[in-house]
Amino acid sequence: MTKQALIFMLFFMQVLLFVHDLRYNNIPTFHNLVRLKLGLDPFLGWHLLPKLLVSSPNLEALCFEQGLVYVKNNPNDHHIQFRSMPQEVPECLLTHLKTIEIHKLVGKIDELKLIKYFLKNAMVLKNMTIRCHCMNVVWNVRDRLLMFHDEIWKCPWGSSSCQVKFII
Numbered sequence: 077m078t079k080q081a082l083i084f085m086l087f088f089m090q091v092l093l094f095v096h097d098l099r100y101n102n103i104p105t106f107h108n109l110v111r112l113k114l115g116l117d118p119f120l121g122w123h124l125l126p127k128l129l130v131s132s133p134n135l136e137a138l139c140f141e142q143g144l145v146y147v148k149n150n151p152n153d154h155h156i157q158f159r160s161m162p163q164e165v166p167e168c169l170l171t172h173l174k175t176i177e178i179h180k181l182v183g184k185i186d187e188l189k190l191i192k193y194f195l196k197n198a199m200v201l202k203n204m205t206i207r208c209h210c211m212n213v214v215w216n217v218r219d220r221l222l223m224f225h226d227e228i229w230k231c232p233w234g235s236s237s238c239q240v241k242f243i244i
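If you want my numbering, it's the position in the sequence shown, counting the first as 1, plus 76.
So this is what it looks like as structure tokens:
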């Protein structure tokens, strides 16, 4: 990542946090945003995610590099990050989002809710890659992750051509 891209990314997140703090109903529309890699804020979590998706109508690729829940030392010590998504599905999910990457899955219900939401509502989704957290072996949560795997395959999918890679 170039220095300019990093500076823009930090500025962009500061603007979003400012907008969130003021409780504005709308954030600007990012028509040219097609790829987005998101970090994870341990305090705000994904409270801005619904608004960000609505404001990115042409988004094609979404990556959660730091996972969906903030975990300190073990999967039982986590912060809830996901509350709910909007009733009205964002345009990017209906028409453009083709790729989703989720890293550091630890097997929390919050994660499963968000994964199911994306699978159900991303109508043109081609690929979803889910990588489990490297500490899952130490944390002994393999059974929970296998249950997640089964739940993901049972839930309704909006895209009939989607391929899901679940990497434990």
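Virtual Cβ for every residue (Gly too), placed ideally from N, Cα, C.
Scanning the region 106–137 for uninterrupted alpha helix (DSSP H) segments of 4 residues or longer gives 125–130, listed from N- to C-terminal end. Cβ contact annotation for ASN203 (same chain, cutoff 6 Å, sequence separation greater than five): THR175, GLN239, in chain order.
The alpha-carbon of THR205 is positioned some 6 Å away from that of PHE242.
Every alpha helix (DSSP H) of 4 residues or more that sits fully in the region 177–220 is shown, in chain order, as 185–197, 212–215. With contacts defined by Cβ atoms closer than 8 Å, LEU129 and LEU188 do not form a contacting pair. A Cβ-Cβ separation of about 5 Å places CYS231 in contact with LYS192 under the 8 Å criterion.
Taking all protein chains shown into account, ASN197 has 16 or more neighbouring C-beta atoms within 10 Å of its C-beta and is therefore buried.
The continuous beta strand (DSSP E) containing LYS241 extends over residues 239–243. When DSSP states are grouped into helix, strand and coil, CYS139 belongs to the strand group. With a 10 Å radius around the Cβ and a threshold of 16 neighbouring Cβ atoms, HIS172 comes out buried. Burial state of TRP229 is exposed, judged by a 10 Å Cβ sphere holding fewer than 16 other Cβ atoms.
Its chain contains PRO126 as the residues whose beta carbon lies nearer than 6 Å to that of PRO162, once the 5 sequence neighbours on both sides are disregarded; these appear in chain order. Sorting GLU141, GLY234, VAL145 by C-alpha distance to the C-alpha of ILE185 places VAL145 at the top. By the neighbour-count definition (other C-beta atoms within 10 Å, threshold 16), LEU201 is a buried residue.
Judged by their CB atoms, ARG220 and ILE178 are not nearer to each other than the 8 Å cut-off. Beta-bridge annotation (DSSP): THR175 is paired with ALA137, ASN203.
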